[in-house]
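Okay, structure first, notes after.
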Amino acid sequence: MGDAAPAPPPPPQTHWSDHFPSYDSWLSENAGASLDEYREAMYEHGRHLNMELKQFDGAFAIFSHLANTDHIGGMNNVGLCMQEGEGCEKNPEEGFKWLKKSAERGFAKAQYNMGVTLSQGIGCEKDSQAAVQWYLAAVAANYKYAPTNLGLLYKNGDGVERDYSKAMEWYMKGIEAGDSAAFTNVGWMYENGCGVEKSSLKAVEYYEMAAASGDAVANYNLGVLHENGTGVPKDEVKAARFYKVAADAGDASALCNLGWMYEYGKGVPHDYAQALQYYLKSAESNHIHAMHNLGVKYADGTGVEKDEERAVHFYERAAKLKHPSSLCNLGYMYQHGHGCVKNVEKAVELYRESADLGDTVGALNTAIVYEYGRGVNIDLMIALRYYRIAAKKDSRDAIQKLTPNADFARSLHLAGVRYFSANKTTEASEHFCAAHALGHPDSLNQIELIMDSRALLPVTFASPMRYFDAPLSDCSSLLSSMMAEILDLIFQWVHPKQVIQCRRLSRRFSEHFASEYFSKQNLRHFVLRKYSRAGLQHTVNLYDRMLLQGPHAFQTAYIDLHLNCSEGEIDRQNKKFVTLGKLELMPIPLAFSNWTSLTAISLRECQIQGAIPESISNLQSLIVLDLSVNRFDDTEIPSSITKLRNLEVLLLNSCHLTGELGADLHAFLRTLRHYNLRKNKLKSTALGFKWFVKGAKKWKERKLAYSAEHPMLL
Numbered sequence: 007m008g009d010a011a012p013a014p015p016p017p018p019q020t021h022w023s024d025h026f027p028s029y030d031s032w033l034s035e036n037a038g039a040s041l042d043e044y045r046e047a048m049y050e051h052g053r054h055l056n057m058e059l060k061q062f063d064g065a066f067a068i069f070s071h072l073a074n075t076d077h078i079g080g081m082n083n084v085g086l087c088m089q090e091g092e093g094c095e096k097n098p099e100e101g102f103k104w105l106k107k108s109a110e111r112g113f114a115k116a117q118y119n120m121g122v123t124l125s126q127g128i129g130c131e132k133d134s135q136a137a138v139q140w141y142l143a144a145v146a147a148n149y150k151y152a153p154t155n156l157g158l159l160y161k162n163g164d165g166v167e168r169d170y171s172k173a174m175e176w177y178m179k180g181i182e183a184g185d186s187a188a189f190t191n192v193g194w195m196y197e198n199g200c201g202v203e204k205s206s207l208k209a210v211e212y213y214e215m216a217a218a219s220g221d222a223v224a225n226y227n228l229g230v231l232h233e234n235g236t237g238v239p240k241d242e243v244k245a246a247r248f249y250k251v252a253a254d255a256g257d258a259s260a261l262c263n264l265g266w267m268y269e270y271g272k273g274v275p276h277d278y279a280q281a282l283q284y285y286l287k288s289a290e291s292n293h294i295h296a297m298h299n300l301g302v303k304y305a306d307g308t309g310v311e312k313d314e315e316r317a318v319h320f321y322e323r324a325a326k327l328k329h330p331s332s333l334c335n336l337g338y339m340y341q342h343g344h345g346c347v348k349n350v351e352k353a354v355e356l357y358r359e360s361a362d363l364g365d366t367v368g369a370l371n372t373a374i375v376y377e378y379g380r381g382v383n384i385d386l387m388i389a390l391r392y393y394r395i396a397a398k399k400d401s402r403d404a405i406q407k408l409t410p411n412a413d414f415a416r417s418l419h420l421a422g423v424r425y426f427s428a429n430k431t432t433e434a435s436e437h438f439c440a441a442h443a444l445g446h447p448d449s450l451n452q453i454e455l456i457m458d459s460r461a462l463l464p465v466t467f468a469s470p471m472r473y474f475d476a477p478l479s480d481c482s483s484l485l486s487s488m489m490a491e492i493l494d495l496i497f498q499w500v501h502p503k504q505v506i507q508c509r510r511l512s513r514r515f516s517e518h519f520a521s522e523y524f525s526k527q528n529l530r531h532f533v534l535r536k537y538s539r540a541g542l543q544h545t546v547n548l549y550d551r552m553l554l555q556g557p558h559a560f561q562t563a564y565i566d567l568h569l570n571c572s573e574g575e576i577d578r579q580n581k582k583f584v585t586l587g588k589l590e591l592m593p594i595p596l597a598f599s600n601w602t603s604l605t606a607i608s609l610r611e612c613q614i615q616g617a618i619p620e621s622i623s624n625l626q627s628l629i630v631l632d633l634s635v636n637r638f639d640d641t642e643i644p645s646s647i648t649k650l651r652n653l654e655v656l657l658l659n660s661c662h663l664t665g666e667l668g669a670d671l672h673a674f675l676r677t678l679r680h681y682n683l684r685k686n687k688l689k690s691t692a693l694g695f696k697w698f699v700k701g702a703k704k705w706k707e708r709k710l711a712y713s714a715e716h717p718m719l720l
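What the sequence shown shows, in this note's numbering, is residues 7 to 720, in sequence order.
Below you can see the structure in the form of structure tokens.
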């Protein structure tokens, strides 16, 4: 798009000659002037019409005429007019082409405007790196505003790596060039301590220098500092004066703040009418807070005649810009049909969006509609979530809802009773656990009743059972947030019916085996290899659900991740038994080398690649090692494996191993009760070593006995 030539400017509403004399007429008053001088005079008159008189039709007629005569200033201003729709139909894409044509011919203003356009993506794809190059071209042409904008890019890391020092360098060059905005930006750097030592005094100093040149943003910033007493004595009268200067220059934030000062009589006389006018003018620039304030004023009739339709209008404009309180207030208007057609479903959507953006009242209202089913089906668990969000933001109503004696805890308990009566034990458990967490006295008995109904018998401990409440928003963070002493009492019903359930741990669960708080916990496992990965991958089962909902008081001895659809490295310590059958580990997890208490490992069919690490020798307690059916392509059995003095079983069949078995390895293999090295590329010249397997018959006879100690080998 950038390489295409621009189309001719659209026909202007008026003719250029209606706004500027012909060359001959002009020459009669400017004897001896050249044609180029005539066109420059016409160009300046067009700018006067556009910027000062706001006569956009006449200005565009002049710029179009100049652009058609290859005047680079005219091309630039045609582009700007088309981007803004001033005197012509808005067409940012064609406007961009005209700017680029002017910039490529060396017009410094156009080069600067290309930087602005590309950095914001106006009529083109955003390209901050290209914007940097155009700003540099404008700097080379001594365009005074370009250094400041380059500084902004470095401050924001936009198109370049963020560098506050370079930003300051460019701002200083902007000051040298006479750009008042550069003073303002240096003041901001001092106010926020970016690239320089934080200093409110220096910030005020630079803001005042910029304000003296009429910079609107500097005046606004000085207003904020004086209003809050930051770096200067608090002085609301001075704050209002600075806001007024900035507001007169059209600064939308200053207009809004000045309106607020008039509404509450801060630094100026209390005047609702003045406040309204400033809010309205600020809202013309889509200032989000001004639009919200107008919505509140019209909804309440504060200083204006109450007009709920206008309130909805302003709330909707602010809501489109994601103003949290406007979203909430607009939800209220839709819920009750004030100023709009009643729509409780839309109200709920607005409340939730408001709550998710951090609005306290939005969270409280969301909880209320879900508790009582206003516009949605009753969902007490969603209500609980949002009551807790509101309570964290100190909502008294939400805090009251979460007390043990409140009706909400009783509602959760009764919902659990209804679900249990309908044989929906999962939902019942969820509601009973939530009610118990709020302190309802009868919920714990119901939880135990559900466990009894499923024949889930917890292990008995000398100490009382411990309970915890799962986190609301992100259950996956649970394992990393619980205390280690609680984890000592967690996990595993041992009833036979739970054999499969105990094996189907989700990917979410497996990701948290790296938790330092998990290091003491042992999980029992049962190896049943008849279930496909695809089938288990989509299972949401009792074990996972109860894992996150409690109660938990279980203590067992083994880990099993077999068929759990996990991928990647797993960090684990202080375990005795590990089986990871049919996972996708790629290399052997290095963490195994640190699990010095392990007595058995099974990594059969884990698609392992690479080599068996020499650090395997660290596992001096190892009795059983099964690495069969993996891809140790063209690597050798590590010599360090002979240091495993307690090893009794070694299974390395179908591993693509190569090399010759040395004397030390021969001697080591003879000490084992069972080994299997078949289907490899191994060689042996030792006498009596005809077969690469030992103890097959005895192994079958002893398998059940071994299984009692090492269930992973079932």
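Beta carbons: idealized from backbone N, C-alpha and C, even for Gly.
P17 is the residue among L261, P17, S623 whose C-alpha sits nearest the C-alpha of I68. Taking the Cβ atoms as the reference, A404 lies roughly 7 Å from A373, within the contact range of under 8 Å. Y340 and K348 have their C-alpha atoms some 5 Å from each other. Secondary structure of E433 (DSSP, three-state): helix. Nearest Cα to L633 within the set S646, S660, L159: S660.
Excluding residues up to 5 positions away in sequence, P330, S331, L333, C334 lie with their Cβ nearer than 8 Å to the Cβ of D365 in the same chain. R676 counts as exposed, since fewer than 16 other C-beta atoms from the protein chains shown sit within 10 angstroms of its C-beta.
Put simply, the stretch 18-26 does not touch the stretch 99-106. Fewer than three CB pairs are less than 8 Å apart. Within the same chain, Cβ atoms closer than 6 Å to the Cβ of A252 are found at A222, N225, Y226, A260, the five residues on either side in sequence being excluded. For A606, the enclosing beta strand (DSSP E) starts and ends at 606-608. Taking a cut-off of 8 Å on C-beta distances, the stretch 71-80 touches the stretch 105-120, as three or more cross pairs fall below it. Taking the C-beta atoms as reference points, P15 is found nearer than 7 Å to A73. Sixteen is the threshold: when 16 or more other Cβ atoms of the shown chains lie within 10 Å of the Cβ of M120, as they do, the residue is buried. Between N686 and the set A673, A47, T664, the nearest pair of CA atoms involves T664. Rounded to whole angstroms, the separation of the alpha carbons of S646 and I614 is 19 Å. Under DSSP, G665 forms a beta bridge with L688. The beta-carbon distance between P410 and L444, rounded to whole angstroms, is 6 Å. This is short enough to meet the 8 Å contact definition. Straight-line measurement puts the Cα of C87 at about 29 Å from the Cα of Y160. Minimum Cα-Cα distance from E620 among the listed residues N636, T648, S219 corresponds to T648. Close CB contacts of A246 within its chain, under the 6 Å cut and outside five residues either way in sequence, are with M267, G273, V274 (chain order). Beta-bridge pairing by DSSP links D632 to S608, L657. Comparing alpha-carbon positions, the option among H71, Q61, V310 lying closest to S28 turns out to be H71.
According to the DSSP assignment, G80 belongs to the alpha helix (DSSP H) that extends over 78-90.
Going by DSSP, P98 is part of the alpha helix (DSSP H) stretching over 98-110. Rounded to the nearest whole angstrom, the C-alpha separation of V202 and S171 is 8 Å. Taking 7 Å as the cut-off, the beta carbon of T605 is found no closer than this to the beta carbon of S623. Rounded to whole angstroms, A183 and F189 show a C-alpha spacing of 11 Å.
As the crow flies, the alpha-carbon of A258 is around 32 Å from that of L370. Judged by DSSP in its simplified three-state form, Q615 adopts strand.
As a beta-bridge residue in DSSP terms, R637 pairs with Q615. Taking C-alpha positions only, P12 is separated from K115 by approximately 18 Å. Counting every other CB atom within 10 Å of its CB across the protein chains shown gives N155 a total of 16 or more, marking it as buried. Per DSSP, the unbroken alpha helix (DSSP H) holding P153 starts and ends at 152-162. When DSSP states are grouped into helix, strand and coil, Q280 belongs to the helix group.
G193 is positioned such that its CB atom lies no closer than 7 Å to that of A173. Within the same chain, Cβ atoms closer than 8 Å to the Cβ of L363 are found at K328, P330, L333, the five residues on either side in sequence being excluded.
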